[in-house]
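A.B. asks: I am attaching a structure below and will ask some questions about it afterwards.
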Amino acid sequence: MLALLFILFAGLAIGCALAVVAQRNPLYSAISLIGVFISLASLYVMLAAPFIAAVQVIVYAGAIMVLVIFVIMLLNVEHEDTRRTKIGFLLPAALVLAAVLIAEVAFILVSVDKASFPTSAASSIGSTASIGSQLFTSYLLPFEITSILLLMAIVGAMTLARRTKELSPNTRVIPGAQLLALNIVDPSKTLDDATAVETDTTEEAARLLGVNSSRDPSKRD
Amino acid sequence: MEPQLSWYLALSAVLFTIGVAGVIIKRNVIAMFMCIELMLNAVNLTFVSFASFFQDVTGQLFVFIVMTVAAAEAAVGLGIIIAIFRNRESLDVDDASILKL
Chain A
6 MLALLFILFA
16 GLAIGCALAV
26 VAQRNPLYSA
36 ISLIGVFISL
46 ASLYVMLAAP
56 FIAAVQVIVY
66 AGAIMVLVIF
76 VIMLLNVEHE
86 DTRRTKIGFL
96 LPAALVLAAV
106 LIAEVAFILV
116 SVDKASFPTS
126 AASSIGSTAS
136 IGSQLFTSYL
146 LPFEITSILL
156 LMAIVGAMTL
166 ARRTKELSPN
176 TRVIPGAQLL
186 ALNIVDPSKT
196 LDDATAVETD
206 TTEEAARLLG
216 VNSSRDPSKR
226 D
Chain B
82 MEPQLSWYLA
92 LSAVLFTIGV
102 AGVIIKRNVI
112 AMFMCIELML
122 NAVNLTFVSF
132 ASFFQDVTGQ
142 LFVFIVMTVA
152 AAEAAVGLGI
162 IIAIFRNRES
172 LDVDDASILK
182 L
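Protein chains in written order, with the numbering used here: chain A, 6 to 226; chain B, 82 to 182.
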C-alpha cells in the first residue's frame, strides 16, 4: 500500500519536474513546480514528517511560488525563444554522464535494498513539539543566524527594487524625446535653469534654448 | 512491500538531475530560478529521508533552515531579476552576459 503511494507521488513529482524543464511558458513551469512541491509534501507525510510537509506547502507552494508567479505576471514574460547554441559536440558527453548516473542509481537500488525504515515509534520524531524543542535549545544559534539572514534579504530586496535617483529635481521629462541636462548642451550653464523644450536633436535643443552647443554638427558620427 | 530508503534517495537524485539539466538548458532567468528551487527540494527530500531512517530530528531542522534560505533567495533573486529586466528589457540570460547593468 505504501509502495503504491510512493510510486504515485514519485511519478507525479518526476512528471511535474520534467514539465518544469520542458515547458516554454514560465507560467506553466511555475504551475508544474507547485505540483512537485505538493507531491514532495505528500512524501514527507509518508516519511513521518508532518511539520515539514505543512511548511513545504505553506512556504514553498504558498509564499515562494506566489512571489515567482507575481513576478512573471508583472514582467509579462513572453514565450522563450527557440534559438539554440551549437551544443552538438556536448551530446555524447551528456549521454555518457547520464548513463553513469543511471548506473549509480541502479547500484543504490540494488545494493542498499535491505535498508528499510524503522517501523517502531515513528510518530514523535517529526512532530512540531520535537522540532520546536530542538530548534530552541540545541540549534538556537543557527536559528538566530537564520533571522539575521532574513533581515539581510529584506534590506537587500528593498535596495535592489528601489529606483536610483538619476535626474535632478528640476528636470522635466519630455516623452519620446531625448533627455539632456542643460549643462551637457552648454557646460557653462548650471542645472538651476530647467527650461523644457521639445526637440528631437541636441542641436535643435541648443538653438531653441539659445546656448552654444559644444558639439560640432559636422563631426557627428 | 514497504518503501525503502534507497527509493527515496533515487527519487532525490532524479529530481536533482532534472534541476541541473533545467539550469543548463533554460535561457529564461525565471525558469532557471525555478530549477534551482527544484534542486533545493531534492536535497530536502534526502534530508527528510535520512531523518526518518535514523530517527533523528536534526535532518528536519536542516530542511527548515534550507527553506528559510530558499525564501531569502527568492526575495533577493527576484529583486535582481526585476532590476535586470528594467535595464535590459529582456529576461534572457545571454542578454545579461556582461557584468554591468
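Ideal placement from N, C-alpha and C gives every residue a C-beta, glycine not left out.
Bear in mind the structure is a predicted one, so any value in this text is a computation, not a measurement.
Round the Cβ separation of M120 (chain B) and F97 (chain B) to the nearest angstrom and send it over; I've been treating them as touching at under 8 Å.
C.D. replies: At roughly 5 Å, the Cβ-Cβ gap stays under 8 Å, so M120 (chain B) and F97 (chain B) are in contact.
A.B. asks: Excluding the five sequence neighbours on either side, which residues of its own chain have a C-beta within less than 7 Å of the C-beta of L92 (chain B), listed in chain order?
C.D. replies: Hits under 7 Å: L126.
A.B. asks: Can you give the Cα-Cα distance for A68 (chain A) and M6 (chain A), rounded to whole angstroms?
C.D. replies: Each residue's Cα considered, the two are about 32 Å apart.
A.B. asks: Rounded to a whole number of angstroms, what is the C-alpha to C-alpha distance between S132 (chain A) and A54 (chain A)?
C.D. replies: For S132 (chain A) and A54 (chain A), the distance between alpha carbons rounds to 7 Å.
A.B. asks: Is the CB of I153 (chain A) under 7 Å away from at least one CB in chain B?
C.D. replies: False, the Cβ-Cβ gap to chain B never drops below 7 Å.
A.B. asks: Does any C-beta atom of chain A lie closer than 7 Å to the C-beta of G158 (chain B)?
C.D. replies: False, the Cβ-Cβ gap to chain A never drops below 7 Å.
A.B. asks: Hey, could you find the ends of the alpha helix (DSSP H) N168 (chain B) is sitting in?
C.D. replies: Taken as a continuous stretch (DSSP letters only), the alpha helix (DSSP H) holding N168 (chain B) covers 139 to 169.
A.B. asks: Considering only the beta carbon of each residue, do S161 (chain A) and V150 (chain B) sit closer than 7 Å?
C.D. replies: According to the sequence as given, residue 161 (chain A) is Gly; it is not Ser. No, these two residues do not count as a Cβ contact at 7 Å.
A.B. asks: Report buried or exposed for P222 (chain A), applying the criterion of at least 16 other Cβ atoms within 10 angstroms of its Cβ.
C.D. replies: At P222 (chain A) the pLDDT is 48, less than 50, meaning the model places this residue with poor confidence and gives no usable figure here.
A.B. asks: My guess is that V73 (chain A) and L159 (chain B) are in contact by the Cβ rule of under 8 Å, so how many angstroms apart are they, rounded?
C.D. replies: Indeed, because the Cβ distance is near 7 Å, the residues count as touching under 8 Å.
A.B. asks: Given a threshold of 16 other Cβ atoms within 10 Å of its Cβ, counted over all protein chains shown, does I165 (chain B) qualify as buried or as exposed?
C.D. replies: Buried: at least 16 other Cβ atoms inside 10 Å.
A.B. asks: Which same chain residues end up closer than 7 Å to L86 (chain B) when comparing Cβ atoms and leaving out the 5 residues on each side of it in sequence?
C.D. replies: So the qualifying residues of the chain are S130, F134.
A.B. asks: Expressed to the nearest angstrom, what Euclidean distance is found between the alpha-carbon atoms of N81 (chain A) and L52 (chain A)?
C.D. replies: About 39 Å.
A.B. asks: Would a C-beta distance cut-off of 7 Å place L45 (chain A) and N122 (chain B) closer than the cut-off?
C.D. replies: Yes, Cβ-Cβ distance for L45 (chain A) and N122 (chain B) is below 7 Å.
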